[in-house]
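Visitor:
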Amino acid sequence: VYELYTARKTYGGYEQSPAVIEATKKGKSININPLLFAIPMICDAIGSTLLLFAYLYIPVSVAQMMQGSIVFVTAILSIVFLRRRLFRHHWTGLVLVFVGICLVGLSVIVAGKDDDGDQPVLGICLMIGSILIQGSQFIVEEKLFADYYLAPLRVVGWEGIWGTILFLILLPILQFISCDDQFCSVTGYVEDSWFAMRQAWHNPFTLIMLIC
């Protein structure tokens, strides 16, 4: 909406904006089925969920460092599916990233299971799954949207809309599924959004972080 409003106010219409005119000359379409944005959204939702589960088993700092391997995964997938060619400096960077991530993961495994019940191997497996899916998201987006002109705000907006719809459907259902595993809420259900909101409301720091 903001994109259309700005283009109409500045250029008299979306089709009259210089970027759209240039994209049309290159043979790119500006009309796209919004349902296509649901595909990368699903990748993002699954990858983010696995990442949050990984936080239960490995330190957050380690998980954040391991996320850097998305660069490596995306590069390899781009070679396989997009037929990209990487040069010597690309491979040098990827090798350094891979070695660094291996050292981070190895340090967690060597440290072993701690008193808090962390299971580093399971956490790393969840992280790898998250990284593979999130890396695939970038390839899917490029493959699907290569023939379209899409402003970044439009992509983010539609993926956000589909993500909101997905979790508006899932969260109410998960409120009523009992679960005693540590994956689940402390109240004994897979999800307890009201409990989470009460926690945030009574913790000013958490509330500020959510708003930010």
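Just so we're aligned, residue 114 is where the sequence shown starts under my numbering, counting upward by one.
Even for Gly, the Cβ is constructed at its ideal location relative to N, Cα and C.
(1) Across which residues does DSSP place SER142 in a beta bridge pair?
(2) Using alpha carbons as the reference points, say which of THR119, TYR302, ALA167 and VAL210 lies closest to GLY242.
(3) Straight-line CA distance for PRO285 to ILE143?
(4) Under 6 Å Cβ to Cβ from LEU287, same chain only, skipping five residues before and after it: list those, please.
(5) Skipping 5 residues on each side, what residues in its chain have a beta carbon closer than 7 Å to that of LYS141?
(6) Does DSSP put SER220 in a helix, in a strand, or in coil?
(7) Which of the three DSSP states is assigned to TYR170 in this structure?
(8) Taking LEU279 as the reference, which of ILE152, ALA136 and GLN129 has the closest Cα?
(9) With a Cβ-Cβ cutoff of 8 Å, do SER249 and CYS156 count as a contact?
(10) Quick one, are the C-beta atoms of PRO233 and VAL221 less than 8 Å apart?
(11) Leaving aside the five residues before and after ASP228 along the sequence, list all residues of the same chain whose C-beta is less than 8 Å from its C-beta, in chain order.
(12) Using C-beta distances below 6 Å, list every residue in its chain close to THR187, excluding the 5 sequence neighbours before and after it, in chain order.
(13) I'd like to confirm the pairing. Which residues does DSSP put opposite TYR118 in its beta bridges?
(14) Does the Cβ of PHE185 have 16 or more other Cβ atoms within 10 Å, making it buried, or fewer, making it exposed?
(15) So, helix, strand or coil for SER291, using DSSP?
(16) Suppose contacts are defined by Cβ-Cβ distances below 8 Å. Is ILE214 in contact with ILE171 by that definition?
(17) Considering only their Cβ atoms, is the gap separating LEU266 from GLU116 smaller than 8 Å?
(18) Whose C-beta lies closer than 8 Å to the C-beta of GLY126 among residues of the same chain, with five residues either side of it excluded?
(19) Nearest by alpha-carbon distance to GLN180: which of GLN312, MET154, ILE246 and ALA264 is it?
(20) Can you tell which of ASN316, ILE290, ALA176 and SER161 has its C-alpha closest to the C-alpha of GLY276?
(21) Measuring from the CB of LEU190, is there a heavy atom of the ligand NAP at a distance below 7 Å?
Guide: Here's the rundown:
(1) DSSP, once it has assigned bridges, lists TYR261 as partnering SER142.
(2) Minimum Cα distance to GLY242 is reached at ALA167.
(3) Straight-line Cα distance between these residues: approximately 36 Å.
(4) Within the same chain, LEU287 has close Cβ partners VAL303 and GLU304.
(5) Cβ neighbours of LYS141 within its own chain (closer than 7 Å, five residues either side excluded): ASP260, TYR261 and TYR262.
(6) Note: SER220 maps to helix in three-state DSSP.
(7) In the three-state scheme derived from DSSP, where H, G and I count as helix and E and B as strand, TYR170 is classed as coil.
(8) Considering only alpha carbons, the answer is ILE152.
(9) Taking C-beta atoms as the reference points, SER249 and CYS156 count as a pair closer than 8 Å.
(10) In contact: PRO233 and VAL221 (Cβ atoms closer than 8 Å).
(11) Note that ASP228 scores a pLDDT of 47, beneath 50, so its modelled location is shaky and nothing firm can be said.
(12) Excluding positions up to five away in sequence, the list reads GLY248 and PHE251.
(13) Answer by DSSP bridge pairing: none, since TYR118 is not bridged.
(14) By the neighbour-count rule (16 or more Cβ atoms within 10 Å), PHE185 is buried.
(15) DSSP, reduced to helix, strand and coil, places SER291 within a strand of the structure shown.
(16) It is not a contact, given that the beta carbons lie outside the stated cut-off.
(17) In contact: GLU116 and LEU266 (Cβ atoms closer than 8 Å).
(18) Once the five neighbours on either side are set aside, the close Cβ partners of GLY126 are ALA120.
(19) Closest in C-alpha terms to GLN180, from the list GLN312, MET154, ILE246 and ALA264, comes ILE246.
(20) Of the residues ASN316, ILE290, ALA176 and SER161, the one whose Cα lies closest to the Cα of GLY276 is SER161.
(21) Within the structure as shown, the ligand NAP is missing, as the structure has no ligands at all.
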